[in-house]
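Colleague:
Chains as they are written, first to last, in my numbering: chain S, 1 to 223; chain G, 224 to 446; chain W, 447 to 669; chain F, 670 to 892; chain R, 893 to 1115; chain Y, 1116 to 1338.
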């Protein structure tokens, strides 16, 4: 199912989610680190809080929550990082990206910055972030905890949500809805592809998009 | 003339407009959807207002103003969309882009988002927008009316204005000024190309850019 | 040393600067005009103030401070421009970029806009800026003075500071610290490259990043 | 009914609107010009577009749409101005405020700036705006048209909508919903006032806010 | 000690915290709901996450975390709310403020909005927030959990931190530092008051602020 | 003349400046620290640059440029501070305000924050700033130099410019234009006051504002 979610993409899923009252599932303000990146997979989460010396002393060193998250991310998972939308500090770099890549992670989404950008891109790991920045995370963040409900890009992300990202953006699909949302989205996409083919042939969109009964009949006959 | 406006580009036109007191003709905050996109053509306009259930019920369905605009955009025209600068909802997608492309439209400028980004780029239609977003327009907008004076990217756009876009940005040239502005801009560009050639040969810009009388004489002699 | 600073890059330098209490050396909000641009070199500075007719009359014409700065930038130098972060006016164009390129300048960093973007990229000069814009600088700026301490991208820049830029961003290294900061950064980079190689082989980062004593011993033995 | 809408206030109306799917009816970013201002009344609308010399020549002079709107605003009406959220130019001043006050207007809401702030406050007219600014509207705006659907503070405003403003903010109630929304809001308010009285007596809010069956029974018995 | 922290105020505490490396303890973007409000007390915390239907269904109803926090806030405590800086929804209203007031809470700090503003002010409870808004919290938030480390106004807040607010803003003092920070701040304040008295008598600040040895001797003699 | 500039106020001066092509003279984003503050006087200037340890060591201590500026500000002068619009650090506090007050300064305008807000207000010195903040200036700034052309609130300020501030905002009048701008503004104000009186009597603004020939004749006859 993950593969099909990745294939159908965020635009189609967004419509199916909207139909069920899910309007606020978009992780806005993040962009793929390189053109063409896509990802889909269940969310692992990591939450940063603002830098403070005592908190950094408590949780910033050694195998801190950030490093533990990257060290334990599983094959097919997407690590999602709450960095409060701040692009002025790195939230991952090349070593952590390599580790996630080695583990077979499906990607990383951070609403903070990326460090070692060129090297991170070179790992081949799909990464969506709010920008690039040379600094280490300690400039702004303390890595605080993992596997809790977080905010990323203005949306709530629950561990286990299905995260999907492509050139249109990134969104989450609550796991309980994934099956029906996917079915809807695939149906919509088949219909829209058929409409697009008609438009490419020169048809007016009047009555075709959205389809009136006549066009709907032709569409259904074509299947 | 449209072709010449497209060739001379926004930088040259901007100077000629400024000379006539037009300082606020820039559609800021929009970027080409893919590198290298350029466009020029007379403006068709489309105005969205913020989403509200009653207004969407009134004008959101069927061949609404958005769809009518895309269905009737003419060859060589540029469709300009007022979306109040919000990148958090789509304002066009692949089917509408295909339709505009089929009609021979010169392009689309929207200060909202684009949906189905990859497929829109694939149509070959030049599109300038404020970002990409998976959601449908109903998340934020009601398509309200066409062919009125609108605001896009902070500038007023009048139906029939000449819209020009390239790597520097997008601007409008009031139709009544297009001829003289073009003449000015072409003259400036010829002069600047000649200056650039001298600079590339190693000349100092002191006295050359802007040209003093001596350099002006040499320039005029060269023509 | 400049070449080595360029090679080690901003991420490594940022850590070494942080260790010495330099947290606010980042020229944020600027991006390379084309992918892959990098630069390093001592700063020349240029300060713009907001447009006002009397001030523009006094310093806007002829070989004004902007043109003088580009005409006299030396081989290997980086010209840094204070434009108050405004992307809504050009702060350099193709003729000035050509001149800097001819002089062998290492690059330009402006927290304002670039005009003639395609032509500037074509010169091959590395340029980092806050965006592109068709307008001339007189829309927002008066070129005021050169070779003073300025603000660019939120950081103070002193003439002679070493400016380094790459895909992660741009920062300044105070000249007096350049030697020790470089030494630190190269040491860190060698260590991190060795760690990355281990991670690529499948090692956990637990104990390896950061290194515990056992890993440190292996690292030191490897050198 | 207007008086009752004004009395019940925006907080109560907001809940009743939300219950009917109206989530985006808030004119955000505007504040009362002086503490304690309140207003309620049917909307008259005025739309500005960005300044451009030709458009200002066409509609900026004489009894332009701005002046006509203020000259004809009726007793009890609220004039709502679309100024694209820009606080950097005045959109009304003391003479126009006086005129509206003389006509018995219920108030003005502008998402632009106010000029002659002290004198406008002295007229006693309730005004909500995005700030104060000394400049005339021609710095940023052309007064374009009246009595059309506009955007103000991020919400669509239809002529005839009921506009209500108080210390919490400003919102619109679609005219067709005003009766039922008011009834709901008054019911809620009576209940909340009763709850508040209990809380002021020291009751825990557990079971009381929201009310469980026991508290509901006591509430209903009290009426 | 709380009373003395409140008396010394945020400006003095800020200097003493800075001396110990605490630069990022400010809850920026919040303002007192009415002039003259001040507060000090140990922090209770409440964390909201972005609205989503399934999460709201899970934790939005009944005695949810928001209501539980207000129902159990203790005498002298300050309730601090993480609302991600969004002023476009209420995060507390008059009933909850009354409850906190009844319990003797020292105040509330929210980086979200306040609903029923006039009634909240009337309770006399000191409240600092990012603005006022008529809507209920469900427009943007799900009340998620209490008594965890949160972010408010860009700073980390730990349950038990001492929160201090006045006309200059709001900050947190880590509990372990409160004693020494207070001592420092009181010492600074005594000195600055003495300096201010000299300045009011007409002394130049040269040598006096900061004090040179001569002035320091006079100051110490005066005590 | 200063007294008359203060009396006529920023709205009237703005129109007279606009007539001469001065559109960008507004110090936007600053507000009076307490209601009713007004100021007018020639500008003294003070420029801060972003914090950096080496620069602060060089110019942050002792009688630094900030303290020297406050210590030497003359009777009737307005001290204007460039703080790059950052409200997250103090740029003056009570001791410096007292000193300026003692010297008879006309006021202070800073596009940074104010510390010790209540005490600064109590001095009676008119202060316009971008906000309040508890921190010292060293959190963000190095006091760099005085008596140079600076940027404040987005406008260029030249030492000797006449600075005028009231409830509408703050602007600068270039000294060379002050006489004629004042004459214009006083003429406009007399006319507008006469118009306002007519409007208060119930006249329509049609033909009156702006005045047609008939009203103009009556106005001139009235003088």
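Using N, Cα and C, we set each Cβ at its ideal position, and we do this for glycine too.
Please read all numbers here as calculations on a predicted model, not as lab measurements.
#1: Put residue 104 (chain S) into one of helix, strand or coil per three-state DSSP.
#2: Cβ of residue 181 (chain S) within 7 Å of Cβ of residue 13 (chain S)?
#3: Any residues in the segment 579-598 of chain W with a beta carbon nearer than 9 Å to a beta carbon of chain G? Which ones, in chain order?
#4: Between residue 1052 (chain R) and chain Y, is the shortest Cβ-Cβ distance under 7 Å, so that the two count as touching?
#5: Under 8 Å between beta-carbons, which chain F residues line up against residue 278 (chain G)? List them in chain order, please.
#6: With distances taken from CA atoms, which of R:921, R:960, R:1010, R:928 is nearest residue 936 (chain R)?
#7: Tell me, please, which residues DSSP counts as bridged to residue 797 (chain F).
#8: Once the 5 residues before and after residue 767 (chain F) are set aside, which same chain residues still bring their CB inside 6 Å of it?
#9: Have a look at G:244, G:302, G:228 and flag the residue whose alpha-carbon is nearest the alpha-carbon of residue 584 (chain W).
#10: Taking only beta carbons into account, state which residues of the segment 1160-1193 of chain Y come closer than 7 Å to chain W, listed in chain order.
#11: Assign residue 397 (chain W) to buried or exposed, taking buried as 16 or more other Cβ atoms, counted over all protein chains shown, within 10 Å of its Cβ.
#12: If the criterion is Cβ atoms closer than 7 Å, does the pair residue 1025 (chain R) and residue 838 (chain F) meet it?
#13: Using a Cβ cut-off of 9 Å, pull out every chain S residue sitting near residue 460 (chain W), in sequence order please.
#14: What residues of chain F sit near residue 397 (chain G), judged by a beta carbon separation below 7 Å?
#15: How do the segment 1291-1307 of chain Y and the segment 1160-1172 of chain Y stand: do at least 3 beta-carbon pairs fall below 8 Å, yes or no?
#16: Kindly say whether residue 1242 (chain Y), judged by its beta-carbon, lies nearer than 7 Å to any beta-carbon of chain F.
#17: Which class does residue 98 (chain S) belong to by DSSP, given the choice of helix, strand or coil?
#18: Enumerate in chain order the residues of its own chain whose CB-to-CB distance from residue 1076 (chain R) is below 6 Å, with the five nearest sequence positions on each side excluded.
#19: Residue 327 (chain G) and residue 301 (chain G): beta carbons closer than 7 Å?
#20: Spatial neighbours of residue 63 (chain S) within its chain, please: C-beta separation below 8 Å, excluding the five flanking residues on both sides.
#21: Taking the alpha-carbon positions, what's the residue 32 (chain S) to residue 421 (chain G) distance?
#22: Which residue from Y:1211, Y:1234, Y:1231 puts its Cα closest to that of residue 1223 (chain Y)?
#23: Could you work out which residues of chain R lie near residue 24 (chain S), taking near to mean beta carbons separated by less than 7 Å?
#24: For a contact defined as C-beta to C-beta under 7 Å, what are the partners of residue 926 (chain R) on chain Y?
#25: Who pairs with residue 579 (chain W) in a beta bridge, going by DSSP?
#26: Given that residue 976 (chain R) touches chain S, what residues does it touch there, using C-beta distances under 7 Å?
#27: For residue 36 (chain S), count neighbouring Cβ atoms within 10 angstroms of its own Cβ and tell me buried if that reaches 16, exposed if not.
#28: Need the endpoints of the alpha helix (DSSP H) that residue 826 (chain F) sits in, please.
#29: Distance cutoff 7 Å, beta carbons only. Does residue 987 (chain R) sit that close to anything in chain F?
#30: Are there 16 or more other CB atoms within 10 angstroms of the CB of residue 950 (chain R), so buried, or fewer, so exposed?
#31: To which residues does DSSP link residue 434 (chain G) through a beta bridge?
#32: Answer yes or no: does any C-beta atom of chain G fall closer than 7 Å to that of residue 665 (chain W)?
#33: Are any of the Cβ atoms in chain Y nearer than 7 Å to that of residue 894 (chain R)?
#34: When the cut-off is 7 Å and only beta carbons count, does residue 477 (chain W) lie next to chain G?
#35: What residues from chain G crowd round residue 781 (chain F), counting only those whose CB sits closer than 8 Å?
#36: Candidates R:903, R:1053, R:1010: which alpha carbon is nearest residue 968 (chain R)'s?
Modeller: Result, derived from the coordinates:
#1: Here residue 104 (chain S) corresponds to residue number 104 of the first chain, with the count starting at 1. The three-state secondary structure of residue 104 (chain S), taken from DSSP, is coil.
#2: Mapped onto the first chain, residue 181 (chain S) falls at position 181. Mapped onto the first chain, residue 13 (chain S) falls at position 13. Closer than 7 Å, so yes.
#3: Within the segment 579-598 of chain W, contact with chain G at the beta-carbon level (separation under 9 Å) is assigned to 579, 580, 581, 582, 584, 585.
#4: Numbered from its first residue, the fifth chain carries residue 1052 (chain R) at position 160. So, not an interface residue.
#5: For this step, residue 278 (chain G) is matched to residue 55 along the second chain. Ordered by position in chain F, the residues that pass the 8 Å Cβ test against residue 278 (chain G) are 818, 825, 827.
#6: Here residue 936 (chain R) refers to the residue found at position 44 of the fifth chain. It is R:960.
#7: The count along the fourth chain starts at 1 and reaches residue 797 (chain F) at position 128. According to DSSP, residue 797 (chain F) bridges with F:701, F:778.
#8: In the fourth chain, the residue the question calls residue 767 (chain F) occupies position 98. Same-chain partners within the cutoff: 792.
#9: As a working note, residue 584 (chain W) is residue 138 in the third chain. When each option's Cα is compared against that of residue 584 (chain W), the closest is G:244.
#10: 1164, 1165, 1166, 1167, 1168, 1169, 1170
#11: Residue numbering for chain W in the displayed model covers 447 to 669; residue 397 (chain W) lies beyond these limits and cannot be assessed.
#12: Within the fifth chain, the letter at position 133 stands for residue 1025 (chain R). Within the fourth chain, the letter at position 169 stands for residue 838 (chain F). Yes, these two residues count as a Cβ contact at 7 Å.
#13: Against the third chain, residue 460 (chain W) aligns to sequence position 14. Under the 9 Å cutoff, chain S gives 90, 115, 133, 134, 135, 136, 139.
#14: As a first step, residue 397 (chain G) is located in the second chain; it is residue number 174 there, counting from the start. Near residue 397 (chain G) (Cβ distances below 7 Å), the residues of chain F are 723.
#15: no
#16: As a working note, residue 1242 (chain Y) is residue 127 in the sixth chain. So no, residue 1242 (chain Y) is outside the interface.
#17: Here residue 98 (chain S) refers to the residue found at position 98 of the first chain. Here residue 98 (chain S) sits in helix by DSSP.
#18: By 1-based counting over the fifth chain, the position of residue 1076 (chain R) is 184. 908.
#19: In the second chain, counting from the first residue as 1, residue 327 (chain G) sits at position 104. In the second chain, counting from the first residue as 1, residue 301 (chain G) sits at position 78. No, Cβ-Cβ distance for residue 327 (chain G) and residue 301 (chain G) is not below 7 Å.
#20: Walking along the first chain from the start, residue 63 (chain S) turns up at place 63. Within the same chain, residue 63 (chain S) has close Cβ partners 71.
#21: In the first chain, counting from the first residue as 1, residue 32 (chain S) sits at position 32. In the second chain, counting from the first residue as 1, residue 421 (chain G) sits at position 198. About 42 Å.
#22: As a first step, residue 1223 (chain Y) is located in the sixth chain; it is residue number 108 there, counting from the start. The residue with the shortest Cα to Cα distance from residue 1223 (chain Y) is Y:1211.
#23: On the first chain, residue 24 (chain S) is found 24 positions in, with the first residue counted as 1. Those are 942, 943, 944, listed as they occur along chain R.
#24: Translated into positions along the fifth chain, residue 926 (chain R) becomes position 34. Result: empty, since nearest Cβ-Cβ is about 14 Å, beyond 7 Å.
#25: Here the question's residue 579 (chain W) lines up with position 133 in the third chain. Beta-bridge pairing links residue 579 (chain W) to no other residue.
#26: Position 84 of the fifth chain holds residue 976 (chain R). Those within 7 Å of residue 976 (chain R) in chain S are 151.
#27: Indexing the first chain from 1 puts residue 36 (chain S) at position 36. Residue 36 (chain S) is exposed by the Cβ-count criterion.
#28: Position 157 of the fourth chain, counted from the start, is the residue given in the question as residue 826 (chain F). Run containing residue 826 (chain F): none in the alpha helix (DSSP H); it sits in the beta strand (DSSP E), 824-826.
#29: As a first step, residue 987 (chain R) is located in the fifth chain; it is residue number 95 there, counting from the start. So yes, residue 987 (chain R) belongs to the interface.
#30: For the purposes of this step, residue 950 (chain R) is taken as residue 58 along the fifth chain, with counting starting at 1. With fewer than 16 Cβ atoms within 10 Å of its Cβ, residue 950 (chain R) is classed as exposed.
#31: One-based indexing of the second chain puts residue 434 (chain G) at position 211. Paired residues: G:431.
#32: By 1-based counting over the third chain, the position of residue 665 (chain W) is 219. It does not: the Cβ of residue 665 (chain W) has no partner Cβ on chain G nearer than 7 Å.
#33: Sequence index remark: in the fifth chain, residue 894 (chain R) carries index 2 (1-based). Output row for residue 894 (chain R): interface = no.
#34: Working through the third chain from its first residue, we reach residue 477 (chain W) at position 31. It does not; no Cβ of chain G falls within 7 Å.
#35: Working through the fourth chain from its first residue, we reach residue 781 (chain F) at position 112. Neighbours of residue 781 (chain F) on chain G: none; closest Cβ ~13 Å, over 8 Å.
#36: Numbered from 1 along the fifth chain, position 76 holds the residue referred to as residue 968 (chain R). Among R:903, R:1053, R:1010, the Cα nearest to that of residue 968 (chain R) is on R:1053.
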